[in-house]
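Student:
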Amino acid sequence: MSFSFKHAAAAALIAAVALPLFAPLAAQAADVSLLNVSYDPTRELYQQYNKLFAQKFQKDTGKTIEIKASHGGSGKQARSVIDGLEADVVTLALAYDIDAIADKGFLDKDWQKRLPDNSSPYTSTIVFLVRKGNPKDIKDWNDLVKPGVQVITPNPKTSGGARWNYLAAYAYALKQNNGDEAKAKDFLKALFKNVPVLDTGARGSTVTFTERGVGDVLLAWENEAFLSKKEFGDDKFDIVIPSLSILAEPPVAIVDKNVDRKGTRAAAEAYLTFLYSKEGQKLAAENFYRPRDEEVARQFDKVFPQLNLVTIDDPALGGWRKAQATHFADGGVFDQIYSN
Amino acid sequence: MSDPSIRSEPTAVKWAIIGAAALIVALLVILPLINVFAQAFSKGWEAYAAALVDPDALAAIELTLIVTVISVAANTAMGLVMAWAITKFAFPGKSFLITLIDLPFSVSPVVAGLAFVLLFGAQGYFGPWLIDNGWKIIFAWPGITLATIFVTFPFVARELIPLMQEQGTTEEEAAVTLGAGGWTVFRRVTLPNIKWALLYGVLLCNARAMGEFGAVSVVSGHVRGETNTIPLQVEILYNEYQFQASFAVASLLAFLAIVTLLAKSLLEARLGGHQR
Chain S
1 MSFSFKHAAA
11 AALIAAVALP
21 LFAPLAAQAA
31 DVSLLNVSYD
41 PTRELYQQYN
51 KLFAQKFQKD
61 TGKTIEIKAS
71 HGGSGKQARS
81 VIDGLEADVV
91 TLALAYDIDA
101 IADKGFLDKD
111 WQKRLPDNSS
121 PYTSTIVFLV
131 RKGNPKDIKD
141 WNDLVKPGVQ
151 VITPNPKTSG
161 GARWNYLAAY
171 AYALKQNNGD
181 EAKAKDFLKA
191 LFKNVPVLDT
201 GARGSTVTFT
211 ERGVGDVLLA
221 WENEAFLSKK
231 EFGDDKFDIV
241 IPSLSILAEP
251 PVAIVDKNVD
261 RKGTRAAAEA
271 YLTFLYSKEG
281 QKLAAENFYR
291 PRDEEVARQF
301 DKVFPQLNLV
311 TIDDPALGGW
321 RKAQATHFAD
331 GGVFDQIYSN
Chain L
341 MSDPSIRSEP
351 TAVKWAIIGA
361 AALIVALLVI
371 LPLINVFAQA
381 FSKGWEAYAA
391 ALVDPDALAA
401 IELTLIVTVI
411 SVAANTAMGL
421 VMAWAITKFA
431 FPGKSFLITL
441 IDLPFSVSPV
451 VAGLAFVLLF
461 GAQGYFGPWL
471 IDNGWKIIFA
481 WPGITLATIF
491 VTFPFVAREL
501 IPLMQEQGTT
511 EEEAAVTLGA
521 GGWTVFRRVT
531 LPNIKWALLY
541 GVLLCNARAM
551 GEFGAVSVVS
561 GHVRGETNTI
571 PLQVEILYNE
581 YQFQASFAVA
591 SLLAFLAIVT
601 LLAKSLLEAR
611 LGGHQR
């Protein structure tokens, strides 16, 4: 008999036992290990930054350090940390997501005062990415509500970038309508009617727009728009700067409860502080995040266009806690405009 | 069973239907499969190999294999116990138990993953105690394994139950009459009778365990080089514009599918007309 049960069972057993042996044994453990739980578009930035920081850390302390990374929609990532993902540091898209983690007692409620510049070592803003030559002639927010224009943005419930997109659109609509909130809501409703697909994170939306070719305009992080042009070539996409956008401050913080349990506070502090150094700032700028450091900013001032920005603390928006409760909480404005 | 010589359709209709079926299979199954390999090798062998030996990819392969081995072993043992209990004994609530076995097939894997987060997450029922005592379940390999076991639970039992029901208990009873103990009955009588169906169930269980995405995605935490399985690594690479690498890793799963298919046809020949 050429193929008996015993042969088959033996083969299966050998395969089951032997295959893991071919896989590498766990990589050599470093002296210190940190987990950075971040939002979606920072993948490339932190891949490079982690290498840079590991070199510096070894030079300063003589110890090796391994930095692990997890990326996803900012709100979803915050939820994972709340559910027990043992992040030493969180580097998320907006302050509210870290507030939510703080509300569960993982870190101090005034975490945002612990590092300079609202704990946001780099900033960004929201721009439009359109197909080359801008065939739908999209110049500003009011072009997005026109019939037949398909707008790509992620889901504000799970994505930080999507909440900045939404609030930038809202701020524009308020300004156009002299502060009339009802009209601003109607504007958002018309805008989201033109959205064919809501991904959970910014990178998902970028892939939908660039790789799958869906939609006429992507509401994107500025860094994500620049990166798309870099990845796919300047001849594929154009960046459109709207008349008004929002100053996005993606903050960073140490998760006290986790670093204290793991004994990694010093390394985690060094990791975040180094983001503010000249080297860290330069790397951020090279990855199309706007640096805070004025000297580094001057070196890159040709890259980043000047534009008209509102901030989240503008009275019309009222800060993250208020914006979150009004617009993105269960039954909030987003639910109202999107459900019907 | 239908006799091929008895035809109720005219020849043209017959071939139109066969042609349509072949076209559907070609478009929906074969074409995407070929595309996976075409993309994986689009930059040549070296790029393909480089994608597979990347440390994060290797870690994903290792994790997938470990999770699969544990899940398949657990589900083989549990499937045998379930099938044995259901087919060899009579007890109240038996049909309800059979329904429960099918539950993982009817529940969305995402819901299954969330259920584990609610149980073992830091805000869950057992999470705080587990974390205080240094146990990591969610966002670590045990949680991924639990989710995989849940999703692949029915495969072995589902294959065994109909066959064992059909075979009844007479052979086992005869063995007991002749003085055999429980273990001997299982090893010498039951196991030889069900071996091919068992292997078939293990095979399906294995394929699904390696390929599971939804439930694993919820409990993974997506830490690179640590809690990503092969399907999650494929998604990450795809989202990082590393399309060729993404398809190279995906080709491992596609290759597994082909091997499973071949083994499945071999086993079906062995199983004869018993099932399907």
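Protein sequence lines, in the order shown, are assigned to chains S and L.
The numbers in the working numbering rise by one with no breaks, and the one at position 250 of the first sequence is 250.
The numbers in the working numbering rise by one with no breaks, and the one at position 134 of the second sequence is 474.
Where is the CB? At the ideal position from N, CA and C, for every residue including glycine.
Note that the structure is predicted; figures quoted are calculated from it, not measured.
Just the C-alpha distance for residue 465 (chain L) and residue 364 (chain L), rounded to the nearest angstrom, thanks.
Tutor: For this step, residue 465 (chain L) is matched to residue 125 along the second sequence. For this step, residue 364 (chain L) is matched to residue 24 along the second sequence. Their Cα atoms are separated by approximately 48 angstroms.
Student: For residue 251 (chain S), count neighbouring C-beta atoms within 10 Å of its own C-beta (all shown protein chains included) and say buried if the count is 16 or more, exposed if not.
Tutor: Taking the first sequence and counting its residues from 1, the one referred to as residue 251 (chain S) is at position 251. By the neighbour-count rule (16 or more Cβ atoms within 10 Å), residue 251 (chain S) is buried.
Student: In the stretch 456-490 of chain L, which residues sit with their C-beta less than 7 angstroms from some C-beta in chain S, listed in chain order?
Tutor: Those would be 457, 461, 462, 463, 467, 471, 478, 479, in chain order.
Student: Does chain S have any CB closer than 8 angstroms to the CB of residue 564 (chain L)?
Tutor: As a working mapping, residue 564 (chain L) is identified with position 224 in the second sequence. Yes - at least one Cβ of chain S is within 8 angstroms of the one on residue 564 (chain L).
Student: Going by C-alpha to C-alpha distance, which of S:259, S:216, S:58, S:292 sits closest to residue 275 (chain S)?
Tutor: In the first sequence, the residue the question calls residue 275 (chain S) occupies position 275. For residue 275 (chain S), the nearest C-alpha among the options comes from S:292.
Student: Quick check on residue 358 (chain L): buried or exposed, where buried means 16 or more other Cβ atoms within 10 Å of its Cβ?
Tutor: Counting from one through the second sequence, the residue named residue 358 (chain L) turns up at place 18. Counting Cβ neighbours within 10 Å, residue 358 (chain L) comes out exposed, since fewer than 16 surround it.
Student: For a contact meaning CB atoms closer than 9 angstroms, what does residue 579 (chain L) contact in chain S?
Tutor: Numbered from 1 along the second sequence, position 239 holds the residue referred to as residue 579 (chain L). By Cβ distance, chain S contributes 40, 43, 71, 201, 203, 204, 206, 207.
Student: Flag this pair as yes or no: are the beta carbons of residue 50 (chain S) and residue 30 (chain S) separated by less than 8 angstroms?
Tutor: As a position in the first sequence, residue 50 (chain S) is number 50, starting the count at 1. As a position in the first sequence, residue 30 (chain S) is number 30, starting the count at 1. Not in contact: residue 50 (chain S) and residue 30 (chain S) (Cβ atoms no closer than 8 angstroms).
Student: For residue 193 (chain S), which of helix, strand or coil comes out of DSSP?
Tutor: Against the first sequence, residue 193 (chain S) aligns to sequence position 193. Note: residue 193 (chain S) maps to helix in three-state DSSP.
Student: Using 8 angstroms as the limit for Cβ to Cβ distance, is residue 254 (chain S) near chain L?
Tutor: Translated into positions along the first sequence, residue 254 (chain S) becomes position 254. No, because no Cβ of chain L sits closer than 8 angstroms to the Cβ of residue 254 (chain S).
Student: For residue 600 (chain L), I'd like the list of residues in its chain whose CB is within less than 7 angstroms of its CB, leaving aside the five on either flank, ordered along the chain.
Tutor: Indexing the second sequence from 1 puts residue 600 (chain L) at position 260. For residue 600 (chain L), where only same-chain residues beyond five positions count, the Cβ hits under 7 angstroms are 543, 547.
Student: Starting from residue 79 (chain S), trace the alpha helix (DSSP H) both ways and give me its first and last residue.
Tutor: Taking the first sequence and counting its residues from 1, the one referred to as residue 79 (chain S) is at position 79. Where residue 79 (chain S) is concerned, the enclosing alpha helix (DSSP H) stretches over 74-82.
Student: Does any C-beta atom of chain L lie closer than 8 angstroms to the C-beta of residue 189 (chain S)?
Tutor: Your numbering for residue 189 (chain S) matches position 189 in the first sequence. No - not a single Cβ of chain L is within 8 angstroms of the one on residue 189 (chain S).
Student: Determine, using beta carbons only, whether residue 561 (chain L) comes closer than 8 angstroms to chain S.
Tutor: Translated into positions along the second sequence, residue 561 (chain L) becomes position 221. Taking Cβ atoms only, chain S reaches closer than 8 angstroms to residue 561 (chain L), which makes this a yes.
Student: Out of L:509, L:380, L:462, L:537, state which residue places its alpha-carbon closest to the alpha-carbon of residue 497 (chain L).
Tutor: Sequence index remark: in the second sequence, residue 497 (chain L) carries index 157 (1-based). Taking only the C-alpha atoms, the option nearest residue 497 (chain L) is L:537.
Student: Within the chosen definition, does the stretch 93-102 of chain S reach the stretch 149-166 of chain S through at least 3 CB pairs nearer than 8 angstroms?
Tutor: Yes, the stretch 93-102 of chain S touches the stretch 149-166 of chain S.
Student: Hey, residue 555 (chain L) and residue 490 (chain L) are a contact pair by Cβ (cut 8 angstroms); roughly how many whole angstroms apart?
Tutor: Looking up residue 555 (chain L) in the second sequence gives position 215. Looking up residue 490 (chain L) in the second sequence gives position 150. About 7 angstroms separates the two Cβ atoms, so the contact holds.
Student: Just grab the DSSP bridge partners of residue 122 (chain S) for me.
Tutor: Counting from one through the first sequence, the residue named residue 122 (chain S) turns up at place 122. Partner(s): S:291.
Student: Name, going along the chain, the residues of the stretch 212-239 of chain S whose beta-carbon falls closer than 7 angstroms to a beta-carbon of chain L.
Tutor: Within the stretch 212-239 of chain S, the residues whose Cβ lies closer than 7 angstroms to some Cβ of chain L are 231, listed in chain order.
Student: Whole angstroms is fine: what's the gap from residue 83 (chain S)'s alpha carbon to residue 318 (chain S)'s?
Tutor: Mapped onto the first sequence, residue 83 (chain S) falls at position 83. Mapped onto the first sequence, residue 318 (chain S) falls at position 318. Each residue's Cα considered, the two are about 28 angstroms apart.
Student: Can you confirm whether residue 84 (chain S), when its beta carbon is compared against all beta carbons of chain L, has any partner nearer than 8 angstroms?
Tutor: On the first sequence, position 84 is the one that residue 84 (chain S) refers to. Yes, contact with chain L.
Student: Smallest Cα separation from residue 569 (chain L): which of L:557, L:578, L:580?
Tutor: Sequence index remark: in the second sequence, residue 569 (chain L) carries index 229 (1-based). Nearest of L:557, L:578, L:580 to residue 569 (chain L), Cα basis: L:557.
Student: Just the Cα atoms here: how many angstroms apart are residue 67 (chain S) and residue 36 (chain S)?
Tutor: Looking up residue 67 (chain S) in the first sequence gives position 67. Looking up residue 36 (chain S) in the first sequence gives position 36. Computed Cα separation, rounded: 7 angstroms.
Student: Can you give me the C-alpha to C-alpha distance between residue 164 (chain S) and residue 246 (chain S), rounded to a whole angstrom?
Tutor: Here residue 164 (chain S) corresponds to residue number 164 of the first sequence, with the count starting at 1. Here residue 246 (chain S) corresponds to residue number 246 of the first sequence, with the count starting at 1. Each residue's Cα considered, the two are about 7 angstroms apart.
Student: Quick check: what's the CA-CA separation for residue 507 (chain L) versus residue 441 (chain L)?
Tutor: Position 167 of the second sequence, counted from the first residue, corresponds to residue 507 (chain L). Position 101 of the second sequence, counted from the first residue, corresponds to residue 441 (chain L). Their backbone Cα atoms lie some 20 angstroms apart in a straight line.
Student: So what does residue 181 (chain S) bridge to, in DSSP terms?
Tutor: On the first sequence, position 181 is the one that residue 181 (chain S) refers to. In the DSSP output, where bridge partners are listed per residue, residue 181 (chain S) has none listed.
Student: Kindly indicate if chain S contains any beta-carbon less than 8 angstroms away from that of residue 593 (chain L).
Tutor: Counting from 1 along the second sequence, the entry for residue 593 (chain L) is found at position 253. Answer no: the Cβ-Cβ gap between residue 593 (chain L) and chain S never drops below 8 angstroms.
Student: So who's on the other strand from residue 68 (chain S), going by DSSP bridges?
Tutor: Your numbering for residue 68 (chain S) matches position 68 in the first sequence. DSSP output for residue 68 (chain S) lists S:35 as bridge partner(s).
Student: I need the boundaries of the beta strand (DSSP E) containing residue 237 (chain S), first residue and last residue.
Tutor: In the first sequence, residue 237 (chain S) corresponds to position 237, counting from 1. Here the beta strand (DSSP E) through residue 237 (chain S) covers 237-240.
Student: Would the stretch 562-576 of chain L count as touching the stretch 382-400 of chain L if we require 3 or more Cβ pairs under 8 angstroms?
Tutor: Segments in contact, yes.
Student: Quick test of your reading: residue 111 (chain S) and residue 268 (chain S), contact by CB under 8 angstroms. State the CB separation rounded to the nearest angstrom.
Tutor: Within the first sequence, residue 111 (chain S) is the residue found at index 111, counting from 1. Within the first sequence, residue 268 (chain S) is the residue found at index 268, counting from 1. No, residue 111 (chain S) and residue 268 (chain S) are not in contact; Cβ-Cβ is about 13 angstroms, not under 8 angstroms.
Student: Please tell me whether residue 35 (chain S) has its Cβ less than 8 angstroms away from any Cβ of chain L.
Tutor: Here the question's residue 35 (chain S) lines up with position 35 in the first sequence. By this cut-off, residue 35 (chain S) is an interface position.
Student: Shorter than 8 angstroms from the beta carbon of residue 27 (chain S) to some beta carbon of chain L?
Tutor: Start at 1 with the first residue of the first sequence, and residue 27 (chain S) comes out as number 27. Since pLDDT at residue 27 (chain S) reaches only 47, below the 50 mark, its modelled position is unreliable, and the value read off the structure follows with that caveat. Yes, residue 27 (chain S) counts as interfacial toward chain L.
Student: Nearest CA to the CA of residue 145 (chain S): which residue from S:279, S:196, S:235?
Tutor: Walking along the first sequence from the start, residue 145 (chain S) turns up at place 145. Residue 145 (chain S) has its Cα closest to that of S:196, out of S:279, S:196, S:235.
Student: On the premise that residue 460 (chain L) lies in contact with residue 467 (chain L), defined as a C-beta separation below 8 angstroms, what is that separation, rounded to the nearest angstrom?
Tutor: Taking the second sequence and counting its residues from 1, one reaches residue 467 (chain L) at position 127. Taking the second sequence and counting its residues from 1, one reaches residue 460 (chain L) at position 120. Sure, about 5 angstroms apart at Cβ, within 8 angstroms.
Student: Give a yes or no on whether 8 angstroms exceeds the smallest Cβ distance from residue 278 (chain S) to chain L.
Tutor: Taking the first sequence and counting its residues from 1, the one referred to as residue 278 (chain S) is at position 278. Answer no: the Cβ-Cβ gap between residue 278 (chain S) and chain L never drops below 8 angstroms.
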